[in-house]
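Reading through the structure tokens given below for one structure.
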Amino acid sequence: MKRKERYEAVIDYFQKNIPEAETELLYDNPFQLLVAVILSAQCTDKRVNLTTPAIFQRFPDPQSLAKTDFDTLFPLVKSISYPNNKTKHLIAMAIMLIRDFNGEVPMTVDELVKLPGVGRKTANVITSVIDKQPNMAVDTHVFRVSARLGLTRGAKTPLAAEKQLIQHIPAELVHKAHHWLILHGRYTCLARSPRCAECGLQSLCNHYKKSLS
15 MKRKERYEAV IDYFQKNIPE AETELLYDNP FQLLVAVILS AQCTDKRVNL
65 TTPAIFQRFP DPQSLAKTDF DTLFPLVKSI SYPNNKTKHL IAMAIMLIRD
115 FNGEVPMTVD ELVKLPGVGR KTANVITSVI DKQPNMAVDT HVFRVSARLG
165 LTRGAKTPLA AEKQLIQHIP AELVHKAHHW LILHGRYTCL ARSPRCAECG
215 LQSLCNHYKK SLS
């Protein structure tokens, strides 16, 4: 199967089976999503969603978050992985939003990565979810699923995988494709024990074919 045909088949499957894919993080505005995505690094969305309501109630905007201190915010973050760093990042992020961006979450990757706690993956999530920009955030699920399905070839880093996926997925579908791959990896194409019997992409999956040999 040619690579173009492989992409077309995978996209067709997801469009039919997960037509309205979206983030599982709960948020009401760009600032809340930014906080949630920073907290989600190496942490489950489920845990983040249990944690953020108290944070959002206490700190509903960058102004209130920028004014707090570590000892006040930490108890609300401590159930999340790496709570010390993330507490510091959230406060510093809010301060920079006020100082450099008039309290508004910027909508370019180059600007977002200037914020403490925000790397390329986080910036791609924010711009694709909020603004539907054709930016592909490659987390562990996207990296694994895209390799197993043969969408990426020889990609050794998330950035290399991102470049390959962006090259072959239509720009208007990239923001959805990010969630398709994440959800598939989260619930079907698991890292250690993939649920191949439940997967509708068996015929396209290199990993599945190897497991049969």
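So the number in the working numbering is just where the residue sits in the sequence shown, counting from 1, plus 14. Idealized CB from N, CA, C, for every residue including glycine.
- Taking every protein chain shown into account, the CB of MET15 has fewer than 16 other CB atoms within 10 angstroms, so this residue is exposed.
- Using a Cβ distance threshold of 7 Å, ALA205 and PRO148 do not count as a contacting pair.
- Per DSSP, GLU34 lies in no alpha helix (DSSP H) segment and is marked neither H nor E.
- According to the DSSP assignment, GLN56 belongs to no alpha helix (DSSP H), since it is labelled neither H nor E.
- Taken in chain order, the complete alpha helix (DSSP H) segments of 4 residues or longer contained in the stretch 110–158 are 123–126, 134–145.
- Excluding sequence positions up to five before and after LEU215, its CB lies within less than 7 Å of the CB of VAL24, TYR27, LEU163, all in the same chain and listed in chain order.
- DSSP places SER93 outside any alpha helix (DSSP H), giving it a letter other than H or E.
- With fewer than three CB-CB distances shorter than 8 Å, the stretch 103–115 does not count as touching the stretch 140–147.
- Taking HIS221 as the centre and dropping the five residues before and after it, the same chain places the C-beta of ARG162 closer than 6 Å to its C-beta, in chain order.
- Note on geometry: alpha-carbon atoms of LEU218 and GLU34 lie some 22 Å from one another.
- Of all C-beta pairs linking the stretch 114–126 to the stretch 165–173, fewer than three are shorter than 8 Å, placing the two stretches out of contact.
- Annotation: the continuous alpha helix (DSSP H) that includes ASN220 extends over 220–226.
- If you check the CB distance, PRO76 and ILE52 do not come in under 7 Å.
- Within the same chain, Cβ atoms closer than 7 Å to the Cβ of GLU212 are found at THR202, the five residues on either side in sequence being excluded.
- DSSP places ILE183 in no alpha helix (DSSP H); its state is neither H nor E.
- The shortest C-alpha to C-alpha distance from ASN99 to any of GLN56, ALA68, LYS81 is the one to GLN56.
- In this structure THR86 is exposed. Its beta-carbon is surrounded by fewer than 16 other beta-carbon atoms within 10 angstroms.
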